[in-house]
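Undergrad: Going down the list, the protein sequences come from chains A and B.
Reminder that position 167 of the first sequence reads as 178 in our numbering, one-by-one numbering, no gaps.
Reminder that position 75 of the second sequence reads as 86 in our numbering, one-by-one numbering, no gaps.
Cβ atoms here follow ideal geometry from the backbone N, Cα and C, with glycine treated the same way.
Got a structure for you, written out below as structure tokens; questions coming shortly.
There are 2 protein chains.
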Amino acid sequence: MVGGGQLARMTCQAAISLGVGFRVLADSMTDSAALVTPGTVVGDYRSLDDLLAFAAGCDVLTFDHEHVPNPHLTGLVGAAVTVHPGPEALHHAQDKLAMRSALTGLGIRCPRFEPVSEPAEVAKFAATSGWPVVLKAIRGGYDGRGVWVCDTVEQAAQVLGHGIAVMAEEHVAFRRELAAQVARSPHNQAAAYPVVETVQRDGVCHEVIAPAPGIAAAVAEEAQSIALRIAAELGVTGLLAVEMFDTAGGLLVNELAMRPHNSGHWTIDGAKTSQFEQHLRAVLDLPLGEPGRVALYAVMANVFGGADPDIYSRYVHVMAADPGVKVHLYGKAARPGRKLGHVTVLGDDPAVLRARAGRAARYLGSGEE
Amino acid sequence: MVGGGQLARMTCQAAISLGVGFRVLADSMTDSAALVTPGTVVGDYRSLDDLLAFAAGCDVLTFDHEHVPNPHLTGLVGAAVTVHPGPEALHHAQDKLAMRSALTGLGIRCPRFEPVSEPAEVAKFAATSGWPVVLKAIRGGYDGRGVWVCDTVEQAAQVLGHGIAVMAEEHVAFRRELAAQVARSPHNQAAAYPVVETVQRDGVCHEVIAPAPGIAAAVAEEAQSIALRIAAELGVTGLLAVEMFDTAGGLLVNELAMRPHNSGHWTIDGAKTSQFEQHLRAVLDLPLGEPGRVALYAVMANVFGGADPDIYSRYVHVMAADPGVKVHLYGKAARPGRKLGHVTVLGDDPAVLRARAGRAARYLGSGEE
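Structural data, given as structure tokens:
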């Protein structure tokens, strides 16, 4: 796995059960996954030489993030490295304009979009879609970075002044955000997880409720169908997470991620096959595992660092207060706002679970009651 | 953790979620846990120097097996190493005669027993308890090794001729075997897992059904109470598994293990807190986790090697045949009869689950349909 973040760390855990040899190409030996994975290689994912050297010891190469330059992916394939997901698929997770264009071409509904480079183009877009207009970096954005909600053409001009390629998107009035996660193997087997509700603040996922409370069966099936169709049409291998807006006018696709995803962390404790095991099974072209739940509801809450970095002194209190909380820490040094881990709780009542998970995550991260 | 077997391997997985630094003292770098644990130290658990050197980097020392000589454990404690479980408790898992005597002293029922060194003593024991007589090595036996069922005084004489210290035990006519697993922390917090049925062949555990099907609530509570009482009275810290015979005359304690145990492997997939996480929480004196089940039943079946060592070629078929089977492989080279892994299935009907788990384990291990 290229990248040594928490996704690689949790994939490492899944690889142990499967008896699969697992190695990581990390930025440093203190990366989240490097701390727990024997034989970690330190190297630069932006260097084709480093990627080729790392791949030499692997049967299959896969990714903890989408930042490996696409030409390098093509270079790896050209050097007979088995890469999942492949460059053609990953292109759509790396380039939001390509993604929007491809989905629109498939008849899959997205927010209205338009590449823009001049304030006048934003103003023209707003004339149809109204203000605010969302400007998005076409490449490299994640966790709310690279997204600007602009109320005026002056604000838009300021964003355009950064000099990065952006596109304009309509600001969607949604009821809530959903995510549909599926796995697809090179053999073309697929499996769909229950559709979840994600709760974002400032563009960052804070909570996931699985399944989305009160979701109509038809909507859940439509969301799963959309995700399965995208996986098949774009040739995704491994996991695909499709983030969607649930609007009065139906489902709109917002983002794609072609890897294990924050919206699927609940599956470690809440599903028969975790997303990390499923990703390994998919990229190794093994038969996929059962994605069903083991509880009526699971709620996952992310743990963000606060002012006091000593999360281990609070850890004991979280465990004592609620023995049913599953704590997952990523081995990262605490910094304000940094994602340090997550907690998951299982049970019958999503409101109770949200309160439990939220309290545990908040207290663990920042000491706030 | 001293010892690099599969118990340490699965404890390593649990340590990753907890964000706990985890190291192993292994016999070799190809040990099951050494393959997956960074910073593994190769050394001899029979050497106090090796143990002291390993312990120097650790806050708490715990064990994957019970074979560390008790004087070394005392030596570690004398050198201010925090050891859980401690030497006094572990003595009862290392010396079956001490265990039987201690439990009898506590009024906890065991099979009748008597230390023997002469055939005449065995004959005298049999005069009261009848034949067959079970001879057990007082130290060092496990997985059926060190246990001899003798039908005649001549057979007993042959066992005594080995020159190892043994005791005689009555051959118990049991209805089935049960195991009660509890955790106890230095703070004296305790948690009890559901009581399970274990299915042994030739003294080796093949299957575990959690909870024991049809067990009366009073019997389950009695089994849990016995285990909790043993943990408290013997000062066990960490996990304690108590193997019992369920007989017409009530429960009799057979064996104790003071570590994660094969009878608790089902908890990885079937309980809210796995035995491996629970052991870490207990020995680190963290609050214990909820031991409850996530499904009505879990069945675990051990995978034993057969004539054909290539289990990975059969792996795909097991996964394809039953996507709900959770496969856990230990990274060991396959040899006939060697425990290579286990599988777990979750569901509502123990008979169906036993058939599914048994089929998967048998085929994976040996290719037998």
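DSSP three-state call for residue 200(A): helix, strand or coil?
TA: Three-state DSSP puts residue 200(A) in coil, outside helix and strand.
Undergrad: Assign residue 178(B) to one of three DSSP states: helix, strand, or coil.
TA: Strand at residue 178(B).
Undergrad: Taking 8 Å as the cut-off, does the segment 324–340 of chain A touch the segment 362–372 of chain A (at least 3 CB pairs, one atom from each stretch)?
TA: Yes, the segment 362–372 of chain A touches the segment 324–340 of chain A.
Undergrad: Is there a Cβ of chain B sitting closer than 9 Å to that of residue 246(A), yes or no?
TA: Output row for residue 246(A): interface = no.
Undergrad: Below 7 Å CB to CB, which residues in the same chain sit around residue 168(A) once its five sequence neighbours on both sides are set aside?
TA: Within the same chain, residue 168(A) has close Cβ partners 130.
Undergrad: Going by the CB atoms, is the gap between residue 92(B) and residue 64(B) shorter than 9 Å?
TA: No, the pair does not count as a contact, with Cβ atoms beyond the cut-off.
Undergrad: Is the Cβ-Cβ distance between residue 275(A) and residue 341(A) less than 9 Å?
TA: Contact: no.
Undergrad: Note down, in chain order, each residue of its chain lying with its Cβ closer than 6 Å to the Cβ of residue 339(A), except the 5 sequence neighbours on either side.
TA: Cβ neighbours of residue 339(A) beyond the five flanking positions: 352 and 353.
Undergrad: If you count every other CB in all the chains shown that lies within 10 Å of the CB of residue 212(B), and 16 or more means buried, which is it?
TA: Residue 212(B) comes out exposed.
Undergrad: Note down, in chain order, all residues in the segment 272–290 of chain A with a beta-carbon under 9 Å from any beta-carbon belonging to chain B.
TA: Flagged, chain order: 279, 280, 281, 283, 284 and 288.
Undergrad: What three-state label does DSSP hand residue 308(B) in the structure shown?
TA: Residue 308(B): strand per DSSP, three-state reduction.
Undergrad: By the three-class DSSP mapping on this structure, what secondary structure does residue 110(A) have?
TA: Looking at residue 110(A) - three-state DSSP - the assignment turns out to be helix.
Undergrad: Please report how far the alpha carbon of residue 296(A) lies from the alpha carbon of residue 190(A), in whole angstroms.
TA: Computed Cα separation, rounded: 24 Å.
Undergrad: I want to verify the contact list: residues of chain A whose CB lies under 7 Å from the CB of residue 138(B), in sequence order.
TA: Those within 7 Å of residue 138(B) in chain A number zero; the least Cβ separation is about 51 Å.
Undergrad: Taking all protein chains shown into account, decide if residue 345(A) is buried (16 or more other Cβ within 10 angstroms of its Cβ) or exposed.
TA: Flag for residue 345(A) reads buried.
Undergrad: Does residue 90(A) pass the burial test, meaning 16 or more other C-beta atoms within 10 Å, or should it be called exposed?
TA: It is exposed - the Cβ of residue 90(A) has fewer than 16 other Cβ atoms within 10 Å.
Undergrad: Applying a beta-carbon distance threshold of less than 9 Å, which residues of chain A neighbour residue 339(B)?
TA: Under the 9 Å cutoff, chain A gives 27, 28, 29 and 30.
Undergrad: Using DSSP with H/G/I as helix, E/B as strand and the rest coil, what is residue 255(B)?
TA: In the structure shown, residue 255(B) sits in a strand (DSSP, three-state: E or B).
Undergrad: Would residue 27(A) and residue 24(B) be called neighbours here (beta carbons separated by less than 9 Å)?
TA: Closer than 9 Å, so yes.
Undergrad: As an exercise, report each continuous alpha helix (DSSP H) stretch of at least 4 residues that is fully enclosed by the segment 310–358 of chain A, in chain order.
TA: Taking only runs of at least 4 residues, the alpha helix (DSSP H) segments lying wholly in the segment 310–358 of chain A are 322–332.
Undergrad: Helix, strand or coil for residue 249(A) per DSSP?
TA: Residue 249(A): strand per DSSP, three-state reduction.
Undergrad: Would you mind reading off the limits of the alpha helix (DSSP H) that contains residue 102(B)?
TA: 98–105 is the span of the alpha helix (DSSP H), which, as asked, contains residue 102(B).
Undergrad: Does the separation of the CB atoms of residue 3(B) and residue 137(B) fall below 9 Å?
TA: Residue 3(B) falls outside the range modelled here, since chain B spans only 12 to 380, and no answer is possible.
Undergrad: In this structure, what does DSSP give as the bridge partners for residue 184(B)?
TA: Looking at the DSSP assignment, residue 184(B) forms no beta bridge with any residue, so it has no partner.
Undergrad: Evaluate residue 57(B) with the Cβ neighbour count: other Cβ atoms within 10 Å of its Cβ, from every protein chain shown; 16 or more gives buried, anything less gives exposed.
TA: With fewer than 16 Cβ atoms within 10 Å of its Cβ, residue 57(B) is classed as exposed.
Undergrad: Is any heavy atom in the ligand PLP found nearer than 8 Å to the beta carbon of residue 209(B)?
TA: The ligand content of the structure shown is nil, which means the ligand PLP is not present either.
Undergrad: Between residue 124(A) and residue 178(A), what straight-line distance do the alpha-carbon atoms span, to the nearest angstrom?
TA: Roughly 7 Å separates the two Cα atoms.
Undergrad: Any beta-carbon of chain B closer than 9 Å to the one on residue 323(A)?
TA: For residue 323(A), the answer is yes, since a Cβ of chain B falls inside 9 Å of its Cβ.
Undergrad: Starting from residue 327(B), find everything on chain A with Cβ-Cβ shorter than 8 Å and list it in chain order.
TA: Correct list: 297 and 298.
Undergrad: What does residue 352(B) touch in chain A if you count any residue whose Cβ is under 8 Å from its own?
TA: The contacting residues are 30.
Undergrad: Spell out whether any CB of chain A is found under 9 Å from the CB atom of residue 4(B).
TA: With chain B running from 12 to 380 in the structure shown, residue 4(B) is simply not present.
Undergrad: If contacts are defined as beta-carbon pairs under 8 Å, then residue 350(B) and residue 313(B) qualify, I think. What distance do you get, rounded to the angstrom?
TA: So it is a contact: roughly 6 Å between Cβ atoms.
Undergrad: Sorted by chain position, which residues of the same chain lie with C-beta nearer than 6 Å to residue 21(B)'s C-beta, five sequence neighbours on each side aside?
TA: These residues qualify, in order along the chain: 287.
Undergrad: Who does residue 212(A) pair with in a DSSP beta bridge?
TA: Answer is 215(A), bridged to residue 212(A).
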